[in-house]
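Chain order of the listed sequences is A and B.
What the first sequence shows, in the working numbering, is residues 72 to 384, in sequence order.
What the second sequence shows, in the working numbering, is residues 237 to 533, in sequence order.
Heads up, the beta-carbon is just placed ideally off N, CA and C, and yes, glycines get one too.
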Amino acid sequence: MLGHVGRTLLRLFVTGLGIASVAFFLMRAIPGDPASFMLGDYATKESITALRAKLGLDEPVWRQYTLFLSHAATGNFGTSVVTGQPALQEVMASIPSSAVLALSGLFIAILIGLPLGIVCAVRNGTWVDVSVMLGALAGISFPVFWMGLAAILLFSYWIPIFPALGSSNSKDILTQIYHLILPALVLGVSIAAYIARLTRSAMLEVLSQDYIRVARAMGVPERRIIFKLALRNALVPILAVIGVTFAWSFGNAILIEAVFSRPGLGSMLLKAILARDYQLVQAGVLILAFMVVLINASLDLTYTLIDPRLKAS
Amino acid sequence: MTTSLDQQKRDQQERRKATWRRFTSHPSLMIGTVILVLLVAIALAAPWLAPYSPTRTSLINTLQDASWAHPLGTDQFGRDVLSRLIHGTRVSLLVAFWVVTLSLIIGTIVGGIAGFFGGWIDRSINVVNDILMAFPGFLLALAIVATQGSSLESVIIAVSIAYTPRVIAVMRSVALTIRPRPFIEASRSIGMTSTRILLRHVIPNALPPVIVVATLSAASAILAEAGLSFLGLGVRPPIPTWGNIIADGQASITTNPLISISSGLCIAAMVIALNLIGDGLRDALDPQMRRQTAKIL
């Protein structure tokens, strides 16, 4: 058990270092001089020189790299060129709104996707299976931002029951939830399609194994076979997929925030990209990627709780 | 001599028939291929199919409803939406084509080297690959386009970098299972070099699952390209792409919903085709392959 935890932590550290390196070299890969690129076409020579010095661009690359890493380790990601605030603070301020959207989307997705996937595997080949899988195929194939627009058209204009804006300034928690419903549903449905497909194939594989046939021959009730014997074994690959979809839910949240004009990491990143505020882009990408890795690592640790066999390996 | 040649010919025909039967007995593969061939035909014939120029603006014809002259209406610059959709097919297909090609070439070579040679080569490739896979694909593509500027080339490069690591991972795991097999040992004993074994035996034998993953990755790549164009970071206007047509239609979604709706249907058709082909190939080639590819996607 401890060995597994240790390995997970080591991998976490290496991946974190790698993510920081990718974020650093992405900035360095800006064609030409980053400072003059960030300041735009009308920058004076003095302001470019000042920004170059401030960003440390006059130092040799390896020195910049080590400085960047040691600063990042202490939570210093530079300051936003536009607002003058520390980049970390800006990113952190935009996370809660995105996290609420991503988590509620994921919750809806599991609520819809998991039962549908199980039903499809149990009723394999019937019209229920075929129609749910066709729906899931559509769910993974339509762009999520298009689904958002279609949802606004349907539920805000033609049948006006939900607001088209994905957020509100109101302090009232119920109003905020009311504005969250539509974006969370769209995100949830798009991820539910993936979860349903994977749950179905994981369950089908487990249900075709010998010990299930033995259990059936011994007269174990079908309900017990499905939920106790099969689902528990299928849960490890399903959890792995939920970890992957969590990363997607943040990627998709960027697009959904744009459609529903909801504040959050996505709209912050987009604004920073358009303003060429690369310190902020760098910090946002780095922190978001690191969050995803952290979540996957903690999921990885929970596998051992579900599947004791993994402790040994 | 002639009989053995005849026999060979018959065998070949027989094999071809078997392949065809396998192809036709998987409806998802058939439907996906038909849709894709249709889209390729539309992309190739775009200049002749499109009733108008996709970029010609007309200020007296803005935001027209569907009519015989403009079957899907016009956008806020008076451009014919149908013509823009037809030309937009090209960008999506180009992205799909290049992502499949680049990820297959890079993925098989890098993944094959990692899995076949093992040791420190494998470990170092694997560490880098894991790091790239840790980024949500869309976020990585977004960051690359943000720093490299918006153009068709940088979108293709960004999306390829974001989606090739999956192909590398699958190629590596398949190469790992091929390495200990007897025919590799045999090739070595007759004096084949490692490079030759890799190119002649490991890569061809590993191709089926890798092609499946590359096809499914292309589906994600098209969605990513559409997302980038939708945010205004992808291929620059006025070049029509399905993603930026949806963005154009967003402002007038209540009065002219056809613009965004029809463009989204086009994206879905292409992505459904690729997903159907990927799923169908997976089922048709080898049922046990599910295990190797399912975990990645």
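Cβ of residue i within 8 Å of any chain A Cβ
| i | result |
| --- | --- |
| GLN249 (chain B) | no |
| PRO493 (chain B) | yes |
| LEU280 (chain B) | no |
| GLY373 (chain B) | yes |
| LYS531 (chain B) | With a pLDDT of only 39 at LYS531 (chain B), under the threshold of 50, the placement of this residue in the model should not be trusted, and no figure is reported. |
| ALA370 (chain B) | yes |
| GLN486 (chain B) | yes |
| GLY500 (chain B) | yes |
| ILE503 (chain B) | yes |
| GLY463 (chain B) | yes |
| THR490 (chain B) | yes |
| LEU272 (chain B) | no |
| ALA332 (chain B) | no |
| LEU434 (chain B) | no |
| SER409 (chain B) | no |
| PHE466 (chain B) | yes |
Any C-beta of chain B under 8 Å from that of residue i
| i | result |
| --- | --- |
| TYR228 (chain A) | yes |
| ALA264 (chain A) | no |
| GLY89 (chain A) | yes |
| PRO254 (chain A) | no |
| TRP319 (chain A) | yes |
| THR86 (chain A) | yes |
| ALA121 (chain A) | no |
| ILE327 (chain A) | no |
| THR232 (chain A) | Note that residue 232 (chain A) corresponds to Ile in the displayed sequence, not to Thr. By this cut-off, ILE232 (chain A) is not an interface position. |
| ILE377 (chain A) | no |
| PHE331 (chain A) | no |
8 Å Cβ cutoff met for residue i and residue j
| i | j | result |
| --- | --- | --- |
| SER454 (chain A) | GLY335 (chain A) | In the structure as shown, chain A begins at 72 and stops at 384. Residue 454 (chain A) is therefore absent and cannot be evaluated. |
| GLY259 (chain A) | GLY176 (chain A) | yes |
| VAL438 (chain B) | ALA411 (chain B) | yes |
| LEU122 (chain A) | LEU110 (chain A) | yes |
| ILE367 (chain B) | THR86 (chain A) | yes |
| VAL312 (chain A) | LEU269 (chain A) | yes |
| ALA264 (chain A) | ILE327 (chain A) | no |
| SER499 (chain B) | LEU321 (chain B) | yes |
| THR383 (chain B) | ALA100 (chain A) | yes |
| THR316 (chain A) | ALA209 (chain A) | no |
| PHE331 (chain A) | PRO254 (chain A) | yes |
| ALA455 (chain B) | GLY385 (chain B) | no |
| MET407 (chain B) | GLY351 (chain B) | yes |
| LEU300 (chain A) | ALA286 (chain A) | yes |
| ALA279 (chain B) | LEU318 (chain B) | no |
| ALA207 (chain A) | VAL257 (chain A) | no |
| MET339 (chain A) | SER202 (chain A) | no |
Spatially closest choice to residue i from the options, by CA coordinates
| i | options | result |
| --- | --- | --- |
| ILE366 (chain A) | A:VAL352, A:ALA173, A:ALA222 | A:ALA173 |
| SER239 (chain A) | A:THR145, A:MET204, A:ILE252, A:VAL203 | A:ILE252 |
| ARG315 (chain B) | B:ARG326, B:ASP301, B:THR325 | B:ASP301 |
| VAL276 (chain B) | B:PHE333, B:LEU295, B:SER261, B:HIS262 | B:PHE333 |
| GLY322 (chain A) | B:ILE475, B:ASN492, B:ALA377, B:SER264 | B:ALA377 |
| GLU94 (chain A) | A:ILE377, A:THR373, A:VAL364, A:TYR349 | According to the sequence shown, residue 94 (chain A) is Ala rather than Glu. If we check each option's Cα against that of ALA94 (chain A), A:TYR349 comes out closest. |
| GLY196 (chain A) | A:LEU275, A:ALA100, A:LEU340 | A:LEU275 |
| THR325 (chain B) | B:ILE357, B:TRP478, B:GLY427 | B:TRP478 |
| LEU308 (chain B) | B:ASP519, B:LEU501, B:GLY516 | B:LEU501 |
| VAL270 (chain B) | B:ALA394, B:ASN511, B:ARG518, B:LEU521 | B:ASN511 |
| GLY463 (chain B) | A:LEU341, A:VAL199, A:GLY206, A:VAL153 | A:LEU341 |
| GLY324 (chain A) | A:GLN156, A:VAL215, A:ARG194 | Correcting the residue identity first, residue 324 (chain A) is Ala in this sequence and not Gly. That would be A:VAL215, whose Cα lies nearest to the Cα of ALA324 (chain A). |
| PHE374 (chain B) | B:SER465, B:ALA460, B:ASN492, B:VAL331 | B:ALA460 |
| LEU88 (chain A) | A:VAL171, A:LEU220, A:LEU357, A:ALA222 | A:LEU357 |
| ARG333 (chain A) | A:ARG284, A:GLN247, A:GLY290 | A:GLN247 |
| ASN147 (chain A) | A:VAL132, A:MET163, A:VAL153 | A:MET163 |
| MET362 (chain A) | A:PRO231, A:HIS75, A:SER320 | A:SER320 |
| ILE341 (chain B) | B:ASP242, B:MET506, B:VAL446 | B:VAL446 |
| VAL327 (chain B) | B:VAL448, B:VAL346, B:ALA457 | B:ALA457 |
Residue i beta carbon near the ligand PLP (any heavy atom closer than 7 Å)
| i | result |
| --- | --- |
| LEU512 (chain B) | By its list of ligands, the structure shown contains no ligand whatsoever, and the ligand PLP lies outside what it can speak to. |
Contact belief for residue i with residue j at Cβ below 8 Å, rounded distance in angstroms
| i | j | result |
| --- | --- | --- |
| ALA354 (chain A) | ALA158 (chain A) | 4 Å |
| HIS323 (chain B) | PRO290 (chain B) | 4 Å |
| TRP229 (chain A) | ILE482 (chain B) | About 18 Å; that fails the 8 Å criterion. |
| GLN312 (chain B) | SER488 (chain B) | 6 Å |
| VAL335 (chain B) | SER396 (chain B) | 5 Å |
| SER264 (chain B) | GLY516 (chain B) | 4 Å |
| ALA394 (chain B) | ILE380 (chain B) | 4 Å |
Below-8 Å beta-carbon distance, residue i vs any chain D residue
| i | result |
| --- | --- |
| GLY322 (chain A) | Although the question refers to chain D, the structure presented lacks it and instead comprises the protein chains A and B. |
Scan the region 241 to 280 of chain A and note each continuous alpha helix (DSSP H) run of 4 residues or more that stays entirely inside, going in chain order. 244 to 278
Would you list, in sequence order, the uninterrupted alpha helix (DSSP H) runs of no fewer than 4 residues that lie entirely inside the region 336 to 405 of chain B? 355 to 370, 373 to 384
Contained beta strand (DSSP E) runs [length at least 3] in the region 297 to 330 of chain B, N- to C-terminal order: none
Let me know the alpha helix (DSSP H) ranges lying completely inside the region 450 to 486 of chain B, each 4 residues or longer, listed in chain order. 478 to 486
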